[in-house]
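Residue numbers (the working numbering), protein chains in the order written: chain A, 5 to 221; chain B, 5 to 221; chain C, 968 to 1183; chain D, 968 to 1183.
By construction, the Cβ of each residue, glycine as well, lies at the ideal position given by its N, Cα and C atoms.
It should be emphasised that the depicted structure is a prediction, and the values quoted were computed from it without experimental measurement.
This report concerns only the one structure given below.
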Amino acid sequence: MEKIIDMEQAIAYVEDGMTIMIGGFLGNGVPDQLIEAVLQKGVKNLTLICNDTGFPDRGIGKLVVNKQVKKVMTSHIGTNPESGKQMHSGEMDVRLIPQGTLVEQIRSAGAGLGGFLTPTGIGTVVEEGKKVVEIDGKDYLLELPIKADLALIRGSRVDKKGNVWYRNSTRNFNPIMAMAADRVIVETDEVVEIGEIDPNNVATPHIFVDHIVRRTV
Amino acid sequence: MEKIIDMEQAIAYVEDGMTIMIGGFLGNGVPDQLIEAVLQKGVKNLTLICNDTGFPDRGIGKLVVNKQVKKVMTSHIGTNPESGKQMHSGEMDVRLIPQGTLVEQIRSAGAGLGGFLTPTGIGTVVEEGKKVVEIDGKDYLLELPIKADLALIRGSRVDKKGNVWYRNSTRNFNPIMAMAADRVIVETDEVVEIGEIDPNNVATPHIFVDHIVRRTV
Amino acid sequence: MDVRERIVKRVAKELKDGDIVNLGIGMPTKVANYIEEDVEVIFQSENGYIGMGGAPMPGMEDPDLVNAGGMHVTVKKGAAFFDSAMSFAIIRGGHVDATVLGALQVDQEGNLANWMIPGKMVPGMGGAMDLVVGAKKVIVAMEHTAKGNPKILKKCHLPLTAEKEVDLIVTEMGVFEVTDQGLTLKERAREVTLEEIREATEADFTVAEPLEIMNP
Amino acid sequence: MDVRERIVKRVAKELKDGDIVNLGIGMPTKVANYIEEDVEVIFQSENGYIGMGGAPMPGMEDPDLVNAGGMHVTVKKGAAFFDSAMSFAIIRGGHVDATVLGALQVDQEGNLANWMIPGKMVPGMGGAMDLVVGAKKVIVAMEHTAKGNPKILKKCHLPLTAEKEVDLIVTEMGVFEVTDQGLTLKERAREVTLEEIREATEADFTVAEPLEIMNP
């Protein structure tokens, strides 16, 4: 199966009302060109799952500014004042989640688990509405899996089969999100031949990747 | 801190009654020389955590044959008839655990979680004595973390700081066990200079490794 | 064609191009030899990789590469290795399209028993419980009877591997689909009569119309 | 010495050779500049690596390498990168020896509030809640008061980051240890009197004997 597609084909998979995971951390390792295409397509009522909402003029944040986002599940909105504004006005439903819990919820979905117990958030507002389970005298929150219709991720190097290798801090949420969405599109700087990435150094095995989009300069 | 030690220094850390994780899968990626040293030292009443009990004449299995093991938490004993014999005679307490649950329990300990919900084992004897939690109409077992005093692992290549790279199927349980023990000793085929393993290809970050033992030919 | 060859040949037809497949130890492993030329299946090995290939040439064994049965294998170009936590995330997470396993017993509710005979044989479940729960399609490949006794039962009496997870049962006599309503015999081996299948099967089952011939 | 420099200089002394340390954004980041020559500390960055070094030379920034604040940094030889799930396994799993964070409020029970002011500033907790729960030692580094109002309280009234997890509070006026019995003032800045500290602190605290001088 040919996994390499162009941006037009990729963006055809994005629809109004979808739940979309977007990789990256404060603009680093973010699939910006896919985001730009989502912006151009103008799909609405998206639910985003992402570490942070980036900046008003860069990456994920632009989707917020353009009012395409109905709900966001994220650990941080502080670098994008527009997120806070829309949260306070009620235009956007913002669910703030501790970063370690968020990534583990995504992994949990990808790994077929029903949830996990974490000490993070005990005694805070994060506890609200959640089940507290005591194990060996210590309290934990039961956190549930989070999955998505679509994951847009960024990989530094991808072979034609879809194996992904990440460079430096661009890895972050990308490999975890690749496990937890019905469809995964990776935006990459470099497509290489099958076998060029040492099988021992693959960070996202190709079975998780549906489509590959090359970045244009 | 100098992490490279010799076998004599390594084996000084192994004591009667300890709970020890041992990496490997049916003899592949097993720290055999460390096991041989544990055998020679003759420590008793060990609790082992390992994927399988290997073979009577190879790897982990030799510790069973030598009656050094009081209890084992494992997914498979079928390749070592001595394990079955000691289980039936009551000499050794054998806890059989689904492989995916076992590795996730170890990860859970390493990751500071209080446990996780898995669908594996529902409706089977694995369910006995465990809490069943229903999430969205589906039943899951609550499985708890497993940690150890000591993990003996095998790495194909280790730099002097303790970063580990694994070759092919030798990886298996090794990186996960490295996260979940108070002390971690890695047996390796090859010690390289710091920086020789690309930081993007490290599978076990050096902070998990306490000691490095070179294999002797 | 011998009995086991007939079984694995039929199972191989269930695997589609692009499928991610985990084959159990023993007879299921042989399914790999019967996959159509134009079908590319990706084999997952529970000890930590995708892209498993066949056995190496004698003398070319890689000491660092075994399958879940501990046998030397090869990997295909584009393979990827990972740790056991990722391997079972893949298995339990529904990323494996099909798994093929042997069985001691299977019943008309789709229950499977394949990991122990109390007091007699207790090898452990290894990765089987996760595989059966996690794979999208669970195919049981086994001989129809054991020493003349049915293995397809109304209700398993050996300890279960998983509850209601089996989708298809392939034996040398025929092919059964497991549905919410019970078993349906979809195919029979050419030289076997429906009556003979009924005699060798304890479970109730309905018969598909038309009843196809297996491996025609 | 300015106020912030005094604080981070004192915090730096808490870090021991071989410690794995996560520094929060803002003032805590500067702690890295004051670590003794013969002390090697391993910095963990929550966005996925250990072995973080200082800022790159201008023009030498690597676009693929930022810290948890999104600023360009470098890594030291022997660094290792990983994904966010592993990063928080490290953080929550107790593999970080110390974390240094700022605070809006901290109280005599060791409760910390540093992630939101309802209706005013709601940036989100990022990785702070995991860090405070998971790190073996939690050090709060902050100015003693905000616009003249105490930040060390009997009880935090802002939403908490975590309950009873703070171990040490370092301000420009002094150093408090948090114990099960409450706060103990261990050190005071040379030019500050005990009376002045009491006035600037709402929390009850005991005074260590002898009361040492901070950054002597």
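Give the list of continuous beta strand (DSSP E) stretches no shorter than 3 residues that lie fully inside the stretch 1124-1164 of chain C. 1135-1137, 1141-1146, 1149-1155
Supposed contact pair A1175(C) and T1151(C) - C-beta distance, whole angstroms, cut 8 Å: Counting from one through the third sequence, the residue named residue 1151(C) turns up at place 184. Counting from one through the third sequence, the residue named residue 1175(C) turns up at place 208. Rounded, the Cβ-Cβ distance is 5 Å, consistent with contact.
DSSP three-state label for M25(A), please. Residue mapping note: residue 25(A) aligns to position 21 of the first sequence, counting from 1. Three-state result, M25(A): strand.
By a C-beta neighbour count over all protein chains shown, 10 Å radius and 16 as the cutoff for buried, is M1155(C) buried or exposed? If you number the third sequence from 1, residue 1155(C) lands on position 188. Note on residue identity: the sequence assigns Arg, not Met, to residue 1155(C). When all chains shown are included, R1155(C) counts as buried.
Can you give the Cα-Cα distance for D1005(C) and D984(C), rounded to whole angstroms? Position 38 of the third sequence holds residue 1005(C). Position 17 of the third sequence holds residue 984(C). Using only the alpha carbons, I get a separation of about 8 Å.
Have a look at T122(B), T83(B), V42(B), E132(B) and flag the residue whose alpha-carbon is nearest the alpha-carbon of T23(B). By 1-based counting over the second sequence, the position of residue 23(B) is 19. The shortest C-alpha separation from T23(B) is found at V42(B).
Tell me which residues share the same chain as P1183(D) and place their Cβ nearer than 8 Å to its Cβ, disregarding the 5 neighbours each side in the sequence. Against the fourth sequence, residue 1183(D) aligns to sequence position 216. If we look at P1183(D) and ignore the five residues flanking it on each side, its Cβ neighbours are R1157.
Could you list which residues in chain A have their beta carbon closer than 8 Å to that of T122(B), in chain order? Taking the second sequence and counting its residues from 1, one reaches residue 122(B) at position 118. Those within 8 Å of T122(B) in chain A are G116, L117, G118.
Provide the residue(s) that pair with R161(A) in DSSP beta bridges, ordered along the chain. In the first sequence, the residue the question calls residue 161(A) occupies position 157. DSSP output for R161(A) lists W169(A) as bridge partner(s).
Taking only the alpha-carbon atoms, compute the straight-line gap between E1132(D) and I1084(D) and give it to the nearest angstrom. Here residue 1132(D) refers to the residue found at position 165 when the fourth sequence is read from its first residue. Here residue 1084(D) refers to the residue found at position 117 when the fourth sequence is read from its first residue. Going from the Cα of E1132(D) to the Cα of I1084(D) covers about 20 Å.
Rounded to whole angstroms, what's the CA-CA distance from E1162(C) to F1172(C)? Just pull it up for me. Looking up residue 1162(C) in the third sequence gives position 195. Looking up residue 1172(C) in the third sequence gives position 205. Roughly 12 Å between the two C-alpha positions.
H1111(C) (DSSP reduced to helix, strand or coil): What you label residue 1111(C) is simply residue 144 of the third sequence in a count that begins at 1. H1111(C): coil per DSSP, three-state reduction.
Residues in its own chain within less than 6 Å of I987(C) by CB, not counting five upstream and five downstream? By one-based count along the third sequence, residue 987(C) stands at place 20. Within the same chain, I987(C) has close Cβ partners I1009, Q1011, V1063, D1064.
Please decide whether P1189(C) counts as near chain B, where near means a Cβ-Cβ distance under 8 Å. Since the first residue of chain C shown is 968 and the last is 1183, residue 1189(C) is not available in this structure.
Less than 7 Å separating the Cβ of I1180(D) from some heavy atom of the ligand GDP? With respect to the ligand GDP, the structure offers nothing, as it holds no ligand at all.
Within 8 Å (strictly less), CB to CB, does V190(A) reach chain D? Looking up residue 190(A) in the first sequence gives position 186. Closer than 8 Å: no.
Indicate whether V73(B) and L52(B) have their beta-carbon atoms separated by less than 8 Å. Residue numbering aside, residue 73(B) sits at position 69 when the second sequence is read from its first letter. Residue numbering aside, residue 52(B) sits at position 48 when the second sequence is read from its first letter. Result yes, Cβ atoms of V73(B) and L52(B) sit closer than 8 Å.
Go to Q13(B), then tell me how far its beta strand (DSSP E) extends in each direction, as first and last residue. Within the second sequence, the letter at position 9 stands for residue 13(B). No beta strand (DSSP E) contains Q13(B), which is instead part of the alpha helix (DSSP H) from 11-15.
Pick from N989(D), K976(D), R971(D), R977(D) that is closest to G1094(D), judged by C-alpha positions: Residue numbering aside, residue 1094(D) sits at position 127 when the fourth sequence is read from its first letter. Comparing C-alpha distances from G1094(D) to each of N989(D), K976(D), R971(D), R977(D) shows the shortest one belongs to N989(D).
How would you list, in chain order, the residues of chain G whose beta-carbon sits under 8 Å from the beta-carbon of M1027(D)? As a matter of chain content, chain G is missing from the structure shown, whose protein chains are A, B, C and D.
Looking at chain C, is there any beta carbon in it that lies within less than 8 Å of the beta carbon of P35(B)? Counted from its first residue, the second sequence places residue 35(B) at position 31. Not one chain C Cβ lies under 8 Å of P35(B).
Is it buried or exposed for N172(A), if we count other Cβ within 10 angstroms and need 16 for buried? The count along the first sequence starts at 1 and reaches residue 172(A) at position 168. N172(A) comes out buried.
Give me the Cα-Cα distance between L121(A) and M1038(C), rounded to the nearest whole angstrom. Translated into the one-based positions of the first sequence, residue 121(A) becomes position 117. Translated into the one-based positions of the third sequence, residue 1038(C) becomes position 71. Cα to Cα, L121(A) sits roughly 38 Å from M1038(C).
At 9 Å on the CB atoms, spell out the chain B contacts of T1128(C), in chain order. As a first step, residue 1128(C) is located in the third sequence; it is residue number 161 there, counting from the start. Going along chain B in sequence order, the residues near T1128(C) (Cβ under 9 Å) are T128.
Would you list the residues sitting across from A1095(C) in a DSSP beta bridge? As a first step, residue 1095(C) must be located in the third sequence, where it is residue number 128. None; A1095(C) has no bridge partner.
Tell me whether M1140(D) is buried or exposed, calling it buried when 16 or more other Cβ atoms sit within 10 Å of its Cβ. The sequence position of residue 1140(D) within the fourth sequence is 173, counting from 1. The residue is buried, with at least 16 neighbouring Cβ atoms inside 10 Å.
Quick one: using the 10 Å Cβ neighbour count with 16 as the cut-off for buried, is R1165(D) buried or exposed? Position 198 of the fourth sequence, counted from the first residue, corresponds to residue 1165(D). By the 10 Å Cβ count, R1165(D) comes out exposed.
Pop quiz: I1106(D) and V1137(D) are said to be a contact at Cβ under 8 Å. What is the actual Cβ separation, rounded to whole angstroms? For this step, residue 1106(D) is matched to residue 139 along the fourth sequence. For this step, residue 1137(D) is matched to residue 170 along the fourth sequence. Correct: roughly 6 Å between the Cβ atoms.
Buried or exposed (CB count within 10 angstroms, at least 16 for buried), I189(A): The sequence position of residue 189(A) within the first sequence is 185, counting from 1. Buried: at least 16 other Cβ atoms inside 10 Å.
Considering only the beta carbon of each residue, do I64(B) and I26(B) sit closer than 8 Å? In the second sequence, counting from the first residue as 1, residue 64(B) sits at position 60. In the second sequence, counting from the first residue as 1, residue 26(B) sits at position 22. Yes, these two residues count as a Cβ contact at 8 Å.
M181(B) by DSSP, collapsed to three states: which one? On the second sequence, residue 181(B) is found 177 positions in, with the first residue counted as 1. M181(B): helix per DSSP, three-state reduction.
For L1079(D), write down the residues that DSSP places opposite it in a beta bridge. Mapped onto the fourth sequence, residue 1079(D) falls at position 112. V1073(D), A1129(D).
Note down, one range per segment and in chain order, each beta strand (DSSP E) of at least 3 residues found wholly within the stretch 96-165 of chain B. 97-100, 119-122, 136-139, 142-147, 152-159, 161-163
Cβ neighbour criterion (16 or more within 10 Å) applied to N1078(C): In the third sequence, residue 1078(C) corresponds to position 111, counting from 1. Its Cβ being crowded by 16 or more others within 10 Å, N1078(C) is buried.
If you compare alpha carbons, which of K89(B), W169(B), Y144(B), I15(B) is closest to R1059(C)? Here the question's residue 1059(C) lines up with position 92 in the third sequence. Minimum Cα distance to R1059(C) is reached at Y144(B).
Buried or exposed: which applies to I211(B), given that a residue is buried once 16 or more other Cβ atoms fall within 10 Å of its Cβ? Here residue 211(B) is taken as the residue at index 207 of the second sequence, counted from 1. With 16 or more other Cβ atoms within 10 Å, it is buried.
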